[in-house]
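Just so we're aligned, residue 4 is where the sequence shown starts under this note's numbering, counting upward by one.
From the three backbone atoms N, C-alpha and C, an ideal C-beta is built for every residue, glycine too.
Since this is a predicted model, take the numbers as computed values, not measurements.
Notes follow the structure.
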Amino acid sequence: MGEFATRVQETLCEHLAECRPGYDWETEYAIASTPVDIAGHREETAVVVELEWRRADPADNTAKLFRHLSEETLTADRVVVCQLFTEYYNLASGGYSSKRVNATFVGNVAADALASLSYHPLDLSIVPPKRGGDPPDGWEQALDDTAEAVADTVP
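Take a look at the structure:
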């Protein structure tokens with residue numbers, strides 16, 4: 004990830020710690036061999052947040068994460084997965100790219116198959132700059148809104 008993406012990841016983690024202080028939040032949390040962008044833990048509940056910045060195949064990321072969860076690499080009675088999609092995955096004509104649609108499909112199938120899992124595809128309303136580009140206007144407010152949306156999925 005680039006410098007700005009790392010800043011977004013760390014800032015979002017801080018916002019989540021403020022919104023849901025009963026959880027222990029951290030970045031780059033490893034589930035088996037797969038690092039997730041942000042994870043929070045409390046008692047028997049785990050929250051996993053994946054930031055899809057401009058990944059070529061977010062469905063692969065989703066499938067890999069859910070494979071590890073189905074193998075019980077992450078032991079929790081309840082697992083909440085939030086996959087955050089930037090505007091990179093939005094189509095100019097409206098709707099979402101097939102990349103996002105496929106990733107969401109995989110997430111929903113996994114949530115249907117695993118009783119302890121809930122899946123939430125959410126918007127991160129920023130256009131991610133290319134590596135080295137300037138942060139877009141309004142990114143802080145977009146992060147605040149996204150942190151609240153993630154917090155609303157957390158018990």
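Where residue i falls, given that 16 or more other Cβ within 10 Å makes a residue buried
i, result
"Arg103", "buried"
"Pro38", "exposed"
"Asn64", "buried"
"Thr9", "exposed"
"Gly247", "No answer is possible for residue 247: it lies beyond the span of the chain, which begins at 4 and ends at 158."
"Pro61", "buried"
"Ala59", "exposed"
Inter-residue Cα distance where the pair is residue i and residue j
i, j, result
"Trp56", "Pro131", "7 Å"
"Gly25", "Glu31", "19 Å"
"Asn111", "Glu6", "31 Å"
"Leu120", "Ala114", "5 Å"
"Asn93", "Ala116", "28 Å"
"Glu74", "Val153", "25 Å"
"Leu68", "Glu21", "26 Å"
"Gly43", "Thr14", "14 Å"
"Asp80", "Thr156", "16 Å"
"Ser128", "Glu46", "31 Å"
"Trp28", "Ala49", "10 Å"
Rounded distance between the beta-carbons of residue j and residue i, thought under 8 Å
i, j, result
"Val83", "Leu72", "Actually they do not touch by this definition, with Cβ atoms about 11 Å apart."
"Ile34", "Thr76", "5 Å"
"Thr107", "Pro124", "5 Å"
Those residues which DSSP pairs with residue i across a bridge
i, result
"Arg81", "Thr48"
"Gly97", "Beta-bridge pairing links Gly97 to no other residue."
"Ala33", "Pro38"
"Pro124", "Gln86"
Original post:
Is the region 81-101 in contact with the region 39-59, if contact means three or more CB pairs nearer than 8 Å?
Top reply: Output reads yes: the region 39-59 touches the region 81-101.
**OP:** Give a yes or no on contact between the region 92-103 and the region 137-144, applying the rule of three or more CB pairs nearer than 8 Å.
**Re:** The answer is no - the region 137-144 does not touch the region 92-103, with fewer than three Cβ pairs under 8 Å.
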